[in-house]
Amino acid sequence: MAAEPSPAAASAVEDLETLPLDSSYSSAPATDPLLRPPASPSAASAAAGGDHDPFVIDDDFLVDEEDDDDVGPPAPTAIPLVAAAARAPEFARIAVSDPKKHAEPTSGAAGVIPGSGSYFSYLITTRVGEAEVRVRRRFRDVVALADRLAAAHRGLFIPARPDKSVVEGQVMQRHDFVNQRCSALQRYLRRLAAHPVVGHSPDLRTFLTEPGAIPAFEGEQPRYWTTTLSSAAPSTPAKAGRDLFGMFKGLKQTVVNGMVATKPPPVEEETDTEFLAHKARFQDLQQQLTTTSQQAEALVKARDDLRTTTAHLGMTLIKLAKFEREQATCSPQRRRAADINNFGSSVVKFSRSQAKLNSEIVKHLGSIHEYLEMMISVHHAFTDRSNALHHVQSLSADLFFLHTRAEKLESVSSRSRSIDQEWTRHQKLGGLKETISATEAAKSHALKEYENIKENNTIEIKRFDKDRRRDFVQMLKGFIVNQVSYSDHYANMWAKVADETKVYAKRSN
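According to the UniProt record's numbering, the sequence shown is numbered sequentially starting from 1.
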C-alpha cells in the first residue's frame, strides 16, 4: 500500500498552511495565541505504528489476518512532542534497558522492610558520534545528576527527573515497576540531551559516558522538581483500550505533586513588569493546558468506548453467521451466512483501525501532556529567580544594619572613655568593617547570580514560546491528517461492503 496520505489529507495540510497565524513574538498575554508557526518549521519524523486487539473466534470464522494491512491507512509521520534545539544535540541516541537487581548490605531498622537491602541498576547506552558508550547507573546517580544540573543552571527550564517511590519500589516485580522506571529514565535523559544548554553540560556527559558511580552533590541542596512515575509511562501504542488514555489520568496529580514538593518562594518585590506579565501568562497557560488535557482524556475515552462496542458488534455478527451456516439447508442460506460473516469481519477490521487511530490521537495530543509537565520546570526557574532576589534583599538589609552600627560606633566621643573602652570600640569597628567588606562582596556575587538567572529566564521564555507554537501547530496538523486519512479509509472500507451487499438493496427495492 502506498506510504503517502490521501489527496484529501494533503489538501488539509495545504489549507492549514494558509491559516493567518501571526509568527511575531509578543509578551502581552491578550495577544499571545497558543498557535503561531515559525517562518520555516522543521520537524523530525519517526515511523508510527500500532498493535490491535486479537479477536478469537472459531477457526472457520476468523478475521483474515493477512488483510491486516487494510486495517488502517498509511501511518502519517509522527510529530515530536518537544521541539529539538537549534543546536545539534551532542548525544544522538540514549537508551535505558537491562535492569539488574543488586544486594546492598543494610543494618538496623532499614533491613526490616522487604527489599530495602537491594537496589536496581540500569544499562544506559549512548551514541556519541560513531561510537556507543555503555554505563550502568542506579537511581541514586540520577538524583545526584539532577542536583548538579539544578545548581549549575539556575533559571533554566530543566526537565524534571522521575520521582523515587519507596512504597512502589518494594513491589517492583509484581507491578512492573522496573520496566516503567526504565522508560521514565530514558525519557528524562533524552529530554535533558535535547535541551540546548543542559544537553552540552559536562555533568550530563560524565553521567552518560564515564564509568563508575556519580558522587553525591555536596553543595547546598537545590530545589529540583520531580514527576510521578505515571506521567513517564511509555507512549507505545496500547494493547488494551483503557491504556490509550492512561497517560492523561495521572497528569493533574503529577503537576500538583510537583508544585507542592518545593518550598514556596519568599515574598519578593519584583519590579520587572515584563517578567510579571510573562509569569501571569504562564499561570494562565497552565490552567488552559490542564483543562485541555482533561478534554483530551475524555475524547480518547469516548473513542475507545466506541471501538470496544464496535468490536463486540463485529464478533456478534461473526457468531451469528456461524449459527446461520450451521442451520443452513440450501445454498442461498449459506451465501447469506457468508455475507454476514464478511460484514462482521469488516466491522472487526473497522474496530482495529479505530484502535490504531486512537493510538495516533494519543501521540499527537501527547504534546499537551508534555507541556503541562514542563510547567513544573517553568515554576522551578521562576522560583530560582524569586529566591535569588530575596537573597540580594537580605544582604542589602544586613549591610544597612552593619553600616548603622558602624556609624554609631564612629560617632561615640573618645573624650569621656578610657583607653580600654576606646581599644574595645576600635576592635569592634574594625570587625564591623571586615564584615561589611565580606557582605558587600557576597552581595556583588548575589547580584551577578540574580542577573544571570534573569537572563536565563528571558532566553528560556522565548525558546519555550517558539517551541510551543511550533509543536502545537504540528500537533494540529498531525491530528487533522490522521482524521482525513482514516476517514478516507473508512469510506473505502464501507463502500466495498456496500458493493458486496448491493444485491440485497436491489431485492428490497
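C-beta: ideal position from N, C-alpha, C; glycine also.
Fair warning: this is a prediction, and the values are worked out from it, not measured in the lab.
Subject >> Residue interval of the beta strand (DSSP E) (run including residue 163) >> reply: Here residue 163 belongs to no beta strand (DSSP E), and DSSP marks it neither H nor E.
**OP:** Quick one: measure Cβ to Cβ for residue 98 and residue 148, integer angstroms, because I've assumed they're closer than 8 Å.
**Re:** Taking 8 Å as the upper bound for CB-CB distance, residue 98 and residue 148 are not in contact here, some 25 Å apart.
Original post:
With C-beta atoms as the reference, is residue 395 less than 8 Å away from residue 435?
Top reply: In terms of Cβ geometry, residue 395 and residue 435 do not form a close pair [threshold 8 Å].
Subject >> Bridge partners - residue 102, DSSP secondary structure assignment >> reply: According to DSSP, residue pairing for residue 102 in a beta bridge involves 119.
Original post:
In terms of residues, what are the limits of the beta strand (DSSP E) holding residue 210?
Top reply: It is not in any beta strand (DSSP E) - residue 210 carries neither H nor E in the DSSP assignment.
**OP:** Between the Cα of residue 511 and those of 307, 305, 347, spot the shortest distance and give me the residue it belongs to.
**Re:** Because the chain in this structure spans residues 1 to 509, residue 511 falls outside the shown range and cannot be described.
**OP:** Round the Cβ separation of residue 368 and residue 293 to the nearest angstrom and send it over; I've been treating them as touching at under 8 Å.
**Re:** Contact flag correct, Cβ pair sits at about 5 Å.
Original post:
Within 10 angstroms of its Cβ, does residue 298 collect 16 or more other Cβ (buried), or is it exposed?
Top reply: Looking at its Cβ environment, which holds fewer than 16 other Cβ atoms inside 10 Å, residue 298 is exposed.
Subject >> CB of residue 353 within 8 Å of CB of residue 489, strictly >> reply: For residue 353 and residue 489, yes; Cβs fall inside 8 Å.
Subject >> Burial state of residue 305, where buried means 16 or more other Cβ atoms lie within 10 Å >> reply: Burial check for residue 305: the Cβ neighbour count within 10 Å stays below 16, so the residue is exposed.
Original post:
Roughly how many angstroms separate the alpha carbons of residue 96 and residue 444, rounded to a whole number?
Top reply: Computed Cα separation, rounded: 43 Å.
**OP:** Using only alpha-carbon positions, find the residue among 458, 130, 430, 392 that is nearest to residue 90.
**Re:** For the residues 458, 130, 430, 392, the minimum Cα distance to residue 90 belongs to 130.
Subject >> Sequence-distant residues of the same chain with beta carbon closer than 6 Å to residue 100, five excluded per side >> reply: Around residue 100, the same chain offers 121 as residues with beta carbons nearer than 6 Å, after the five sequence neighbours per side are excluded.
Original post:
For residue 418, which three-state DSSP category applies?
Top reply: In the three-state reduction of the DSSP assignment, residue 418 falls in the coil class.
Original post:
For residue 97, does the three-state DSSP call read helix, strand or coil?
Top reply: Residue state, collapsed to three classes: strand.
Original post:
By Cβ distance, which residues of its chain are closer than 6 Å to residue 375, with the 5 residues on each side in sequence left out?
Top reply: Around residue 375: 286.
**OP:** Go ahead and pull the three-state DSSP assignment for residue 137.
**Re:** DSSP places residue 137 in strand when its eight states are reduced to three.
Subject >> Proximity of residue 453 and residue 384 at Cβ, strictly below 8 Å >> reply: Closer than 8 Å, so yes.
**OP:** Within 10 angstroms of the Cβ of residue 474, are there 16 or more other Cβ atoms? Answer buried if so, exposed if not.
**Re:** Classification of residue 474: buried, given that the 10 Å Cβ count is 16 or more.
Subject >> For residue 378 and residue 164, the rounded distance between their alpha carbons >> reply: The alpha-carbon atoms of residue 164 and residue 378 are separated by roughly 21 Å.
Original post:
Name the DSSP beta bridge partners of residue 127, please?
Top reply: Partner(s): 93, 132.
Subject >> Assigned secondary structure, residue 439 (DSSP; H/G/I helix, E/B strand, else coil) >> reply: In the structure shown, residue 439 sits in a helix (DSSP, three-state: H, G or I).
Subject >> Cut-off 7 Å between Cβ atoms - residues of its own chain near residue 276, not counting five sequence neighbours on either side >> reply: 270.
Subject >> Burial state of residue 418, where buried means 16 or more other Cβ atoms lie within 10 Å >> reply: The residue is exposed, with fewer than 16 neighbouring Cβ atoms inside 10 Å.
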